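Protein chains: 2
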Amino acid sequence: MDNVTDCCAPAGDGAPPDCCAPIVDEPLTVERAERLAGRFGVLADPTRLRLLSLIGAKGEACAACEMVEPLGVSQPTVSHHLKILRQAGLVVSEKRGRWVYYRTVAQRLAALSRILQA
Amino acid sequence: MDNVTDCCAPAGDGAPPDCCAPIVDEPLTVERAERLAGRFGVLADPTRLRLLSLIGAKGEACAACEMVEPLGVSQPTVSHHLKILRQAGLVVSEKRGRWVYYRTVAQRLAALSRILQA
DNA sequence: AACCTATATAGAGAGTTGTCTATTCATTAG
DNA sequence: CTAATGAATAGACAACTCTCTATATAGGTT
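So the sequence lines, in the order shown, correspond to chains A and B. The first sequence begins at 936 in this note's numbering and counts up by one. The second sequence begins at 936 in this note's numbering and counts up by one.
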């Protein structure tokens, strides 16, 4: 069910977390720095960025049928990266017929965007 | 003289590059994906994020005297990471007296922020 | 029910990265 | 000039990551 728990995840208890404050506002704790580094690490791979971009541009894309060929990497590699994007909450997947379709999660990208605001 | 040439660098010839367009707007080329991945890779390390955050929060910080101790890593490690941040254009350095002071470059962070806008 | 076929997992190997110690460089202070 | 000190570099090693091939799983299709 895809891990989406983290800073800036939809806060279940209504409290808007200040954890989305820009990095440069106040010194990061070790824990938060590690968490954020992991999040940016997800974006630190060209293949994942291209997947994200492809899905975002199309609005929706299916794993093998629309992504393997244009990316020029093997099917397991695509699957691997989609899993990482899913676990980071940057995409969600939905199975329809025999294919799995992916969509980006705008809120999650926006959350990261906010963290970098100067 | 710190490498600051890249997408979203101050465009010398006045042409505002569309390269800062959000990732999800249209499929990334291989080249741009690699460039962006490198940029996010700079942010994918807890020590670098803490440095960036520390410098940003203080407005200015000197390498050894203000950063080595609070980060709890060795001086060469700090120097190494500051070099990476400098090469990415995320900080600039200035020598005053016998110390080197660092400041963040708001535009660069903002550029990355924009790229993630959904 | 049997067979496809899309997707996921396992495991391995190559390359990259972060950290350290040791050393060098550079510049200021005395 | 010499000594001291802040900063950068060099080299090594461990840990992580990305990719692949081979294989397993799942669930539509006929």
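The C-beta atom is built at its ideal place from N, Cα and C for all residues, glycine as well. Source: prediction; values computed, not measured.
- Within chain B, the C-beta atoms nearer than 9 angstroms to that of residue 1053 of chain A come from 991, 1039, 1040, 1041, 1042, 1043, 1044, 1045, 1048, in chain order.
- Counting only the Cα atoms, residue 1010 of chain A lies some 23 angstroms from residue 958 of chain B.
- The alpha-carbon of residue 993 of chain B is positioned some 32 angstroms away from that of residue 1041 of chain A.
- The Cβ atoms of residue 963 of chain A and residue 985 of chain B sit closer than 7 angstroms to each other.
- Residue state for residue 1038 of chain A is assigned as strand, using DSSP reduced to three classes.
- A residue is called buried when at least 16 other Cβ atoms come within 10 angstroms of its Cβ; residue 982 of chain B meets this threshold and is buried.
- Residues of chain B whose Cβ lies closer than 7 angstroms to the Cβ of residue 979 of chain A are, in chain order, 972, 975, 976, 979.
- Annotated three-state conformation of residue 996 of chain B is strand, per DSSP.
- Distance from the CA atom of residue 1028 of chain A to the CA atom of residue 1039 of chain B, rounded to whole angstroms, is 38 angstroms.
- Cβ-Cβ distances below 8 angstroms link residue 1016 of chain A to 980, 982, 983, 986 in the same chain, with the five nearest sequence neighbours on each side left out; the list follows chain order.
- The Cβ neighbour count for residue 1023 of chain A, taken over all protein chains shown within 10 Å, is at least 16; the residue is labelled buried.
- In terms of Cβ geometry, residue 1051 of chain B and residue 989 of chain A do not form a close pair [threshold 7 angstroms].
- Counting the other CB atoms within 10 Å of its CB gives residue 974 of chain B a total of 16 or more, which places it among the buried residues.
- Taking each of B/1032, B/998, B/1005, B/1006 in turn and checking the Cα distance to residue 1018 of chain B, the smallest one comes out for B/998.
- Distance from the CA atom of residue 1014 of chain A to the CA atom of residue 1053 of chain B, rounded to whole angstroms, is 23 angstroms.
- Taking a Cβ-Cβ cut-off of 8 angstroms, the neighbours of residue 965 of chain A in chain B comprise 981, 985, given in sequence order.
- For residue 1019 of chain A, there are no C-beta contacts with chain B under 9 angstroms, since the nearest C-beta of that chain is about 13 angstroms from it.
- Neighbours of residue 962 of chain A in chain B, taken as residues at a C-beta separation under 9 angstroms, are given in chain order as 985, 988, 989, 991, 992, 993, 1005.
- Between the alpha carbons of residue 1047 of chain B and residue 965 of chain A lies a gap of roughly 22 angstroms.
- Within the stretch 987 to 1033 of chain B, the runs of beta strand (DSSP E) at least 3 residues long that lie entirely inside it are, in chain order, 1026 to 1031.
- Of the candidates A/995, A/1004, A/968, A/1008, the residue whose Cα lies closest to the Cα of residue 1030 of chain A is A/995.
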